[in-house]
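Residue numbers (my numbering): 458 to 817.
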Amino acid sequence: MFLPNRYASGIEFSQKSLGDRYYLDLIRGNGERSNVLVITFFAFGMVNPRTIQMDEPWAFNFVRSQGVSVLGVKPATADWYRGEELHRYFRSAEFSDLAASFDRVIFYGTSMGAYAGLVFSQALPSADVISLNPQTTLDTRIVPWEPRFKVGQEQDWDGDFNDGATTVERTGKVYVTYDPFFMLDRRHVERLPASGMVLLKVPMVGHSTAVWLTKMGLLKGLFIDILNDTFNADAFHRSVRKRRDIAHYYLEMARCAGGRRAEVRRWCLAKAETMAEDDASAYLEIAALHEKNADFASAEQVLFHLRTVRPNLPHAPYQLSRLMRRQHRLGEALEYAQTALSIAPKNAVYQDWLVSLQTA
458 MFLPNRYASG IEFSQKSLGD RYYLDLIRGN GERSNVLVIT FFAFGMVNPR TIQMDEPWAF
518 NFVRSQGVSV LGVKPATADW YRGEELHRYF RSAEFSDLAA SFDRVIFYGT SMGAYAGLVF
578 SQALPSADVI SLNPQTTLDT RIVPWEPRFK VGQEQDWDGD FNDGATTVER TGKVYVTYDP
638 FFMLDRRHVE RLPASGMVLL KVPMVGHSTA VWLTKMGLLK GLFIDILNDT FNADAFHRSV
698 RKRRDIAHYY LEMARCAGGR RAEVRRWCLA KAETMAEDDA SAYLEIAALH EKNADFASAE
758 QVLFHLRTVR PNLPHAPYQL SRLMRRQHRL GEALEYAQTA LSIAPKNAVY QDWLVSLQTA
C-alpha cells in the first residue's frame with residue numbers, strides 16, 4: 458500500500474516500503490503528460506542508507522518538471538536491486554495494474570540504475586528504457602571478465618531479473634548510451650539482444666556518459682526528445698561532438714594513450730589543462746595522470762595553478778602533500794597536509810594523513 462508523505466521540499470508523494478530494503482515513491486504528474494510514468498533508479502554511490510527513505514528519487518526535479526508521473530525506486534543499500542521483495546513487486550499484479558493505468562511507461566537510470574531499468578523492464582516489454590552506460594549483470598558466472606563493482610558481485614545473482622541481456626519480445630525501445638572505446642561497458646552492450654535496441658555512442662568519455670551529456674547540455678534534450686517521440690539518432694551523434702570542447706574528453710584520451718604513447722598523452726594533458734578553466738576535478742585528474750607517469754614536476758605545476766584558481770579547495774594541498782611525500786619531501790608534505798586540514802578541519806581523510814606524516 459502506498460501511504461501519503463511529504464519531502465522536505467514540501468512536495469507530496471505516496472510511498473510503499475518493501476521491508477527495510479526498498480522504498481517506492483509515487484508522485485503523480487499534472488497536465489497532459491501525467492499519463493506517462495517514468496520509473497527511476499539510483500546509481501551506485503548515490504545511496505545514503507541514513508536518509509534514503511526521505512530522499513527524493515534519482516533525477517527527480519528534472520523528470521518531474523516535464524509534467525510526467527514518477528515512480529522512484531530507492532534502495533537502502535547499493536545492492537544492485539537484487540532483493541527478492543523488489544523482484545516480487547515487479548512481477549506482481551499490483552505493479553501490472555499501476556503500469557496499466559498509464560498510457561506509457563519509461564524506465565530511466567545510469568550505471569547500477571541502468572542495469573535496473575534493463576532487467577525490470579523485462580516485466581513490461583511495452584515500456585521504453587533510457588539506459589546510460591549499463592551493466593547487464595554482475596553475475597561472475599555470466600561476465601567473469603567484469604572486475605568492477607565488488608559490492609554488486611557479492612549479491613545473490615540466482616533467481617529473477619539477474620541479466621539485462623535476457624531476450625524478451627519487446628515492443629518498446631531501449632536507448633543505450635555508452636563509450637565504444639571503454640572495453641568493459643562495450644562488452645556489456647554487446648551482450649544485449651538487437652531487437653528494440655537504439656545504441657548511442659559517446660566516444661572517449663569512459664563510464665560517465667550521464668556526466669558528459671550533462672556537461673555538453675545534451676542529457677535533458679535526450680530525455681525530452683525520447684519523451685516527445687522526436688528523438689533522432691543521427692542528430693544526437695552529431696551533437697556529441699561537443700565533447701571535444703570539454704577538458705575531460707582529452708583526459709580520457711590521455712588515459713587511453715597510457716604509458717606507451719607518451720607524446721600523445723602529454724599533448725592530451727596539455728590540451729585538457731588549457732580547457733579546464735575553473736574545473737577543479739579536471740585539474741586534479743590532470744595532476745594525478747602526470748603523477749601516475751612519474752612526471753612529478755608537471756603534476757606539481759598543475760596543482761599550484763589549481764590553488765590560485767580555487768584557493769579554498771582543500772583537495773589541492775592534500776594532493777600536493779601526497780605528491781611531496783612520494784618524493785621524500787617530508788617537510789613540504791607536512792605543510793600542505795596542515796593547509797588542507799585548516800580548510801576542512803573535520804575531514805577524517807586529511808586528519809589521518811597528517812597523523813601518518815607526523816609519525817613517519
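Just so it is clear, CB atoms sit at the ideal spot from N, CA and C, and this is done for glycine as well.
Proximity to aspartate 477 across Trp515, Leu528 and Glu541 peaks at Glu541, based on C-alpha coordinates.
Counting other Cβ atoms within 10 Å of its Cβ, asparagine 619 reaches 16 or more and is therefore classed as buried. Take glutamine 592, set aside five residues on each side of it, and the residues of its chain with a beta-carbon closer than 6 Å to its own are Tyr572 and His645, in chain order. Three or more beta-carbon pairs drawn from the stretch 486-504 and the stretch 520-531 are found closer than 8 Å, and the two stretches are therefore classed as touching. The three-state secondary structure of glycine 629, taken from DSSP, is coil. Comparing alpha-carbon positions, the option among Ser583, Ala739, Met781 and Val766 lying closest to alanine 751 turns out to be Met781. Apart from sequence neighbours up to five positions away, the residues of its chain that approach serine 466 with a beta-carbon distance below 8 Å are Glu513, ordered along the chain. Membership of glycine 529 in the beta strand (DSSP E) is indicated by the continuous run 526-532. The criterion of a C-beta distance shorter than 8 Å is satisfied by proline 660 and phenylalanine 638. Using a 10 angstroms sphere on the CB of methionine 640, the tally of other CB atoms stays under 16, which defines it as exposed. Of the residues assessed, methionine 458 falls on the exposed side of the cut-off, its CB having fewer than 16 other CB atoms within 10 angstroms. The continuous stretches of beta strand (DSSP E) do not include glycine 609, which lies in the alpha helix (DSSP H) extending over residues 607-610. Linking tyrosine 793 to methionine 673 through their CA atoms gives a straight-line distance of about 34 Å.
By the Cβ rule, the stretch 481-497 counts as touching the stretch 559-573, because three or more pairs are nearer than 8 Å. In the DSSP assignment, lysine 658 is bridged to Tyr635. The Cβ atoms of glycine 524 and arginine 485 lie no closer than 8 Å to each other. Look at serine 588 here: in three-state DSSP terms it is strand. Glycine 663 has its alpha-carbon roughly 16 Å from the corresponding atom of histidine 694. Judged by their CB atoms, valine 586 and glycine 616 are not nearer to each other than the 8 Å cut-off. Contact check for proline 768 and alanine 797: beta-carbon distance about 12 Å, past the 8 Å limit, so the pair fails to qualify.
When DSSP states are grouped into helix, strand and coil, glycine 566 belongs to the strand group.
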